[in-house]
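Working notes, beginning with the structure itself.
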Amino acid sequence: MNNQHKRQRMDSPQENPLRAFFSEEFLKSTFLIIPPTTSLSAEDILGPFITPQRFSYQNQQSFPQYFSLPQLQPTSMAQEAAIPQFTSVPSFPPSQHLVESANNQQLQQTPRVGEKRKREETGQSFSQQPQDKNELYKQRLKDECTMDSAKYDAQQRILQNLPCPEDHSPEFANADFLYKESYKKFYQQFVNDRDKLIADKGGQLARYHVKINKPKLTREELSELGEKPYAEGYLASYKRAMQRKQEEAASKRQQTQAAASNSQAEQQSVRAPAARQSVLPPTFQFFSDPIAINTNAHPPKTTESEKKHNTP
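Here the sequence shown is numbered in the numbering used here, starting from 8 and rising by one per residue.
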């Protein structure tokens, strides 16, 4: 009786899951791997593996069927291979994917695959993007150099007290549009500040003389070099540059003196330790007494009353 009950438990799909998986419905799914051909029919493939109906999984109808299993066909109709019919999935255009946000609003999202395909069709790639950035950077540097040269030429023409050149003048013979427009703009900007430009020119010479420690030029010498604003700019810039140089030298001198005094104080503290200070490491200071003990000190004298009181 016990053996029969044990055999029933082994044969039941609830106790032995292998019986449920190796059922007839499961073996029918082998058509996905070994489809029937003209020489082999469904019975030839599943014949040795067909099990009794009691071993089939009872709850298999509760799971959704995503594809329909092929039905058993006779040998005459085995020529037509059974193809599983998948359920239809709603398809969206590749360029429009609707995504719901946190506010339940539909947002249009463009997939990256479509963007990559579009770049490939237009002939663009990721390797070309840095090249485009480099080209833009080089073009910007070229434009800045053109504008700087136009500014310098305009200032030099103003210093020479010459009018602004025309479009058909030799100065603009081989110049591009950016150079012409920048030249005219800077000329109109600095034409009323000619004295300031002359003073700046003298200031450049003054700063150079201070740097190389050259003595200041006199007004007679400056009058030979340029106009009156040139001399005024030279003298004012020379005075400011000399004051700045003296302040920097004084600050450096103070820093060196402070560093020397600090190093000297550190050396003295290392050579002569402070009074009543132990020179032992911190771990041995607990066992040493920094206060000197007077070995000649006598013990305190006791009176006769104390002796009588202390005696037993």
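Built from N, CA and C at the ideal position, the CB exists for glycine as well. Since we're looking at a predicted model, the values are computed, not measured.
Query raised in the report: Where does G210 sit, in a helix, a strand or coil, going by DSSP?
Result: On the sequence shown, residue 210 is found 203 positions in, with the first residue counted as 1. Here G210 sits in helix by DSSP.
Query raised in the report: For Q65, which three-state DSSP category applies?
Result: Within the sequence shown, the letter at position 58 stands for residue 65. Low confidence applies to Q65: its pLDDT is 48, below 50, so where it sits in the model is not reliable, and the reading given next is rough at best. In the structure shown, Q65 sits in coil (DSSP, three-state: anything other than H, G, I, E or B).
Query - Range covered by the alpha helix (DSSP H) that runs through F184 - result: What you label residue 184 is simply residue 177 of the sequence shown in a count that begins at 1. First-last of the alpha helix (DSSP H) with F184: F184 to F197.
Query raised in the report: Secondary structure at E239, three-state DSSP: helix, strand or coil?
Result: Your numbering for residue 239 matches position 232 in the sequence shown. Three-state result, E239: helix.
Report task. State the Cα-Cα distance for the pair S134 and A180, rounded to the nearest angstrom. Result -> Residue mapping note: residue 134 aligns to position 127 of the sequence shown, counting from 1. Residue mapping note: residue 180 aligns to position 173 of the sequence shown, counting from 1. With a pLDDT of 47 at S134, under the threshold of 50, the modelled position of this residue cannot be trusted; read the value that follows with caution. Their Cα atoms are separated by approximately 40 Å.
Report task. Find out if the Cβ-Cβ distance for the pair A248, R226 is shorter than 7 Å. Result -> In the sequence shown, the residue the question calls residue 248 occupies position 241. In the sequence shown, the residue the question calls residue 226 occupies position 219. Not closer than 7 Å, so no.
Requested in this report: Rank Y159, K145, D139 and N141 by C-alpha distance to the C-alpha of S189 and give the top, closest one.
Outcome: Sequence index remark: in the sequence shown, residue 189 carries index 182 (1-based). Cα-wise, what sits closest to S189 is Y159.
Query - Backbone CA spacing between M154 and Y186 [nearest angstrom] - result: The residue given as residue 154 occupies position 147 in the sequence shown. The residue given as residue 186 occupies position 179 in the sequence shown. Rounded to whole angstroms, M154 to Y186 spans 6 Å at the Cα level.
Query raised in the report: DSSP three-state call for H104: helix, strand or coil?
Result: Translated into positions along the sequence shown, residue 104 becomes position 97. Legend: pLDDT at H104 = 46, less than 50; position of this residue unreliable, value from coordinates given subsequently. Strand.
Query raised in the report: If we ignore side chains and look at the alpha-carbon of each, how far apart do R260 and S244 end up?
Result: Within the sequence shown, the letter at position 253 stands for residue 260. Within the sequence shown, the letter at position 237 stands for residue 244. If I take the Cα positions, the gap works out to 24 Å.
**Report entry** Residues of its chain near I205, where Cβ-Cβ distance is below 8 Å and the 5 sequence neighbours each way are ignored
**Finding:** Here residue 205 corresponds to residue number 198 of the sequence shown, with the count starting at 1. Same-chain partners within the cutoff: L166, G233, E234, P236, Y237 and G240.
Query raised in the report: Any idea what DSSP makes of T153, helix, strand or coil?
Result: Reading the sequence shown from its first residue, position 146 is the one you call residue 153. Residue state, collapsed to three classes: helix.
Report task. Report back the beta-carbon spacing between F193 and A157 to the nearest angstrom; my notes put them in contact at under 8 Å. Result -> Position 186 of the sequence shown holds residue 193. Position 150 of the sequence shown holds residue 157. That belief holds up - the Cβ atoms of F193 and A157 are roughly 6 Å apart, short of 8 Å.
**Report entry** Option in A267, K223, A266 and S268 with minimal Cα separation from K246
**Finding:** The count along the sequence shown starts at 1 and reaches residue 246 at position 239. If we check each option's Cα against that of K246, K223 comes out closest.
Query - Beta-carbon separation (whole angstroms), E178 vs P172, contact threshold 8 Å - result: Taking the sequence shown and counting its residues from 1, the one referred to as residue 178 is at position 171. Taking the sequence shown and counting its residues from 1, the one referred to as residue 172 is at position 165. Right, their Cβ atoms sit about 4 Å apart.
Query raised in the report: Around the C-beta of L229, are 16 or more other C-beta atoms found within 10 angstroms, so that it is buried, or is it exposed?
Result: By one-based count along the sequence shown, residue 229 stands at place 222. By the neighbour-count rule (16 or more Cβ atoms within 10 Å), L229 is buried.
Report task. Express the C-alpha separation of D139 and K203 in angstroms, rounding to a whole number. Result -> In the sequence shown, the residue the question calls residue 203 occupies position 196. In the sequence shown, the residue the question calls residue 139 occupies position 132. Approximately 42 Å, taken between the alpha carbons.
Query raised in the report: What distance in whole Å lies between the Cβ atoms of V277 and K252, which are believed to be in contact at a cut-off of 8 Å?
Result: Here residue 252 corresponds to residue number 245 of the sequence shown, with the count starting at 1. Here residue 277 corresponds to residue number 270 of the sequence shown, with the count starting at 1. With 8 Å as the limit, K252 and V277 do not qualify as a contact, their Cβ atoms being about 38 Å apart.
**Report entry** Exposure of A267, with buried meaning 16 or more beta-carbon neighbours within 10 Å
**Finding:** Your numbering for residue 267 matches position 260 in the sequence shown. So A267 counts as exposed.
Report task. Would you mind working out which of Y144, I219, Q195 and L242 sits nearest G209, comparing C-alpha positions? Result -> Position 202 of the sequence shown, counted from the start, is the residue given in the question as residue 209. The residue with the shortest Cα to Cα distance from G209 is L242.
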